[in-house]
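Numbering of the sequence shown is given in my numbering, commencing with residue 1 and proceeding in unit increments.
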Amino acid sequence: MKKVFRENLNAQQLEAVKHMDGPLLVVAGAGSGKTRVITYRTAYLIDQGVPDSKILGLTFTNKAADEMRQRASSLLRRPLPPPLMRTFHSFGARILRNEIHHLGYTKRFVIYDADDSLRTIKQVLKSLHIKKDVLSPKEARVAISRQKNEVPSDQWLPARRSSFERQLIAVWEAYHSILKQNNAVDFDDLILLPLRLFEGHSRILQRYQRQYRYVLVDEYQDTNAPQYRLVKMLCRKHKNICVVGDPDQSIYRWRGSDIRNILNFEKDFPGARKIVLEENYRSTTLILNAANSLIRRNKERSTIKNLWSQLGEGEKVHFFLAPDEDDEATAVVNAIQHFVADQGLKYRDIAVFYRTHSQSRVIEEELLAKNIPYTVIGGVGFYGRKEIKDIVAYLRVIASPDDALSLLRIINLPPRRIGKATLDKLAAASRKKGLRLYEMAKNADSLKEIFSAARKSLSSFVEMMEEFREKAQSVPVPLLTEEIIAQIGYDKMLEKDFPEDAEDRIDNLRELKDTMWSFLEDNPDAGLDDFLERISLLTDIDTWKDEKNTVSLMTVHNSKGLEFESVIIVGLEEGIFPHINSLDDRAKREEERRLCYVGATRAKKFLYLTAAECRMRHGFYQENEQSRFIWELLGDEGDWEDEDPYPEKPTRAKNQPPRRKKRS
């Protein structure tokens, strides 16, 4: 084992891995092997006799957690249990499965995703007679989530409240009342409720402090206030905490991440050891020189790093200023064709980054015109598709009949003569008798105000669901899913309602079952609750697969943690990147610069930057000043192109108007 460590780690990595007790801060520059440090450190601790049950690794995506656990398993040549590496939210969910009864919930609680929360808030706004022009559902959801992540307290608004704030409080209270009634928690609650347990039940906190003697945190710069407090409470006694991160890659302030968590680590844990990783194993020297030139303009940095590489000088960074957004898109596609035809890359080796999703449209049109396959990351995710959400809703009601949101989604799907009037009467009866909606449906025969045909339909539905619930105790999840689809005739419904893409939707259901089988292979003892918890916590990057040979299109935020042979960053104009909301705020500008730094350091061999002199925005053409990031990146390290550096034959005649298509 010692030989393996010496051969595969540089001096700084080895120092971090072999650190045993006490706080440790690893400032890991982009591409410097932070994942390697965490996996080797995990393997080292176990090799030194620390039981794997005493180690907790925390990160932000299931993909990263699985990868680190698998790598550590390979080093030790034996399997390691999934609990060893978890996302923050998965760890919170595990605590709640064991302890949530202390807060008045049952252990079979449901986790609401963003769409579920939004639907619930829509119900709340309707019941409170709050109009969309006063407070939209999205505004309410964002405001509630922001306050939870920044000020985790029930008293999160000032004492002197405006009319708007009073309405927001009313929405907050009604929203959480519905969640509690449905035995449901939202994504933010997965951190906040464990904190409430730790703060209100000292014995529970002490038990978890004893359980996890060594805590490793990945991407520490991305932690928000509740995550920061959770980690500090876990490590308060033993202080065996190792955090790995990079202040220069802190880019999620808009969702509550606080760069001060990593900047103040040495104050929070006096005597902490700090190790800096600067050798980059991903990018060529000229790309790193450009990235270093960019990020050194920031003032909010606790550690000055200068990334370097042994991968050679590489090709200069190219920048092209296009006349307009259509010419920019043409230049992007020309570059892609060049990378494939002349550099031998595959489409999957190439990514196009933009600041906002709306910028992808014109690029997609050009890719379609040239028959270049592409995948948009961060659009409607796999588990956000209608057919997947429908079947998952059946599974959620089977697992937890209290989930009224899922129940209302499926109770008349496919249509079974249970209309809105029937549901309104059912809901009124459930409120009057103090019963859950599902329990009221089980007693539908006693409701004379509901037509006989509807009562029979409700009884048949409940009888079917009770059969499914019984089978769920012994039948594997994919087989249960197959039986649900067959028994309700879901395939036939898709063929009738969506004749143009029914087969694609049916294929998605097949992929859902394949995903279930794969999950069971990795977790042979898992049941329905475990699978539902897993998919509730997936992110866009978790569900992204790079097996397909397609160009990847995504926002720069979504590129975090990825790498590509060639990266194209478009729209480098003042007001776009950096974003217009940051131009008058230094802290926001610095985050925009960190975001650009993250995008640039995803590139391994080729980095291509573009901007447009004129761009359609909000229905009007406007001229834009070039982004300050261009000269900060390039300096003497790049090529300032007067013409397209990767020219191809024109894709349209000069007098032909730009293509305009509606996005599906």
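In this text, a Cβ means the ideal position worked out from N, Cα and C, and glycines have one as well.
Residue i in three-state terms, based on DSSP
i      : result
THR39  : helix
TYR252 : coil
ILE48  : Position check: residue 48 holds Gln in this sequence, whereas Ile was assumed. Residue state, collapsed to three classes: coil.
GLY245 : strand
GLY29  : coil
MET20  : coil
PHE60  : coil
PRO415 : coil
ASP113 : coil
ASP342 : coil
VAL4   : helix
CYS614 : strand
LYS299 : coil
GLN622 : strand
HIS238 : coil
HIS102 : helix
GLY314 : coil
ILE568 : strand
PHE164 : helix
LYS448 : coil
LEU408 : helix
GLY561 : coil
GLU591 : helix
ILE55  : strand
SER74  : helix
PRO645 : coil
LEU80  : coil
Alpha helix (DSSP H) segment containing residue i, residue limits
i      : result
ARG455 : 452-471
ILE95  : 88-99
THR422 : 420-433
ILE630 : 628-634
TYR438 : 437-442
VAL134 : No alpha helix (DSSP H) holds VAL134; DSSP gives it neither H nor E.
Cut-off 6 Å between Cβ atoms - residues of its own chain near residue i, not counting five sequence neighbours on either side
i      : result
PRO657 : Because PRO657 carries a pLDDT of 37, less than 50, the predicted location of this residue cannot be relied on, and no value is offered for it.
HIS238 : ARG213
THR106 : ASN183
VAL4   : none
ALA140 : ILE121, VAL171
PHE187 : none
SER73  : PRO79, LEU80
GLY104 : none
Cβ neighbours of residue i in the same chain (closer than 8 Å, five flanking residues each side left out)
i      : result
LYS513 : PRO478, THR481, GLU482
ASN334 : ASP644, TYR646, PRO647, GLU648
GLN626 : LEU321, LEU572, GLU573, GLU574, ALA611
ARG86  : LEU56, GLY57, LEU58, THR59, ALA65, ARG94
VAL462 : TYR438, ALA441, LYS442, ALA444
LYS132 : LEU125
N-terminal and C-terminal residue of the beta strand (DSSP E) that residue i is part of
i      : result
LYS274 : 273-277
PHE269 : No beta strand (DSSP E) contains PHE269, which DSSP labels as neither H nor E.
PRO323 : 317-324
LEU216 : 214-217
Same chain, Cβ closer than 7 Å to residue i, neighbours up to 5 away in sequence not counted
i      : result
ASN292 : ASN306, LEU307
ILE485 : ILE391, ASP491, LEU509
GLU623 : GLU613, CYS614
GLN227 : PHE88, ILE191
SER457 : ARG416, ARG417, ILE418
SER536 : ILE111, ASP113
GLU632 : SER293, LEU294, ARG297
Residue i CB to nearest heavy atom of the ligand SAH below 7 Å
i    : result
PHE5 : Although the ligand SAH was asked about, the structure shown includes no ligands whatsoever.
- Query: For the 8 Å Cβ check, are there 3 or more pairs between the region 286-294 and the region 593-612?
  - Reply: Touching, yes.
- Message: With three or more beta-carbon pairs closer than 8 Å as the criterion, would you say the region 53-72 touches the region 266-286?
- Response: Verdict: no, contact absent.
- Query: Should the region 561-573 be regarded as contacting the region 344-353, the criterion being three or more beta carbon pairs within less than 8 Å?
  - Reply: Because the criterion of three Cβ pairs below 8 Å is met, the region 561-573 and the region 344-353 touch.
- Message: Would the region 273-283 count as touching the region 251-259 if we require 3 or more Cβ pairs under 8 Å?
- Response: By the criterion of at least three beta-carbon pairs nearer than 8 Å, the region 273-283 is not in contact with the region 251-259.
- Would you mind listing the beta strand (DSSP E) stretches within the region 352-397 that are 3+ residues and don't spill past its ends, in chain order? Every beta strand (DSSP E) of 3 residues or more that sits fully in the region 352-397 is shown, in chain order, as 374-376.
- Task: Could you pull out every unbroken alpha helix (DSSP H) segment of at least 4 residues lying fully inside the region 472-559, listed in chain order?
- Result: The alpha helix (DSSP H) runs of length 4 or more contained entirely in the region 472-559 are, from start to end of the chain, 477-488, 490-497, 502-522, 528-536, 540-543.
- Message: With a threshold of 8 Å, are at least 3 pairs of Cβ atoms found where one atom belongs to the region 187-205 and the other to the region 80-99?
- Response: A contact between stretches requires three or more CB pairs, one per stretch, nearer than 8 Å, and the region 187-205 meets this requirement with the region 80-99.
- Item | Residue ranges of each beta strand (DSSP E) within the region 170-212, 3 or longer | Taking only runs of at least 3 residues, the beta strand (DSSP E) segments lying wholly in the region 170-212 are 184-186.
- Task: Determine, using beta-carbon pairs with one atom in the region 226-235 and one in the region 582-598, whether at least three such pairs fall under 8 Å.
- Result: Output reads no: the region 582-598 does not touch the region 226-235.
- Three CB pairs or more closer than 8 Å across the region 491-503 and the region 454-469: No, the region 491-503 is not in contact with the region 454-469.
- Item | contact_flag[the region 15-23, the region 34-44] where n(CB pairs < 8 Å) is 3 or more | A contact exists between the region 15-23 and the region 34-44.
- Message: For the structure I just gave you, are there three or more beta carbon pairs, one from the region 201-209 and one from the region 19-26, closer than 8 Å?
- Response: With contact defined as three or more Cβ pairs closer than 8 Å, the region 201-209 and the region 19-26 are not in contact.
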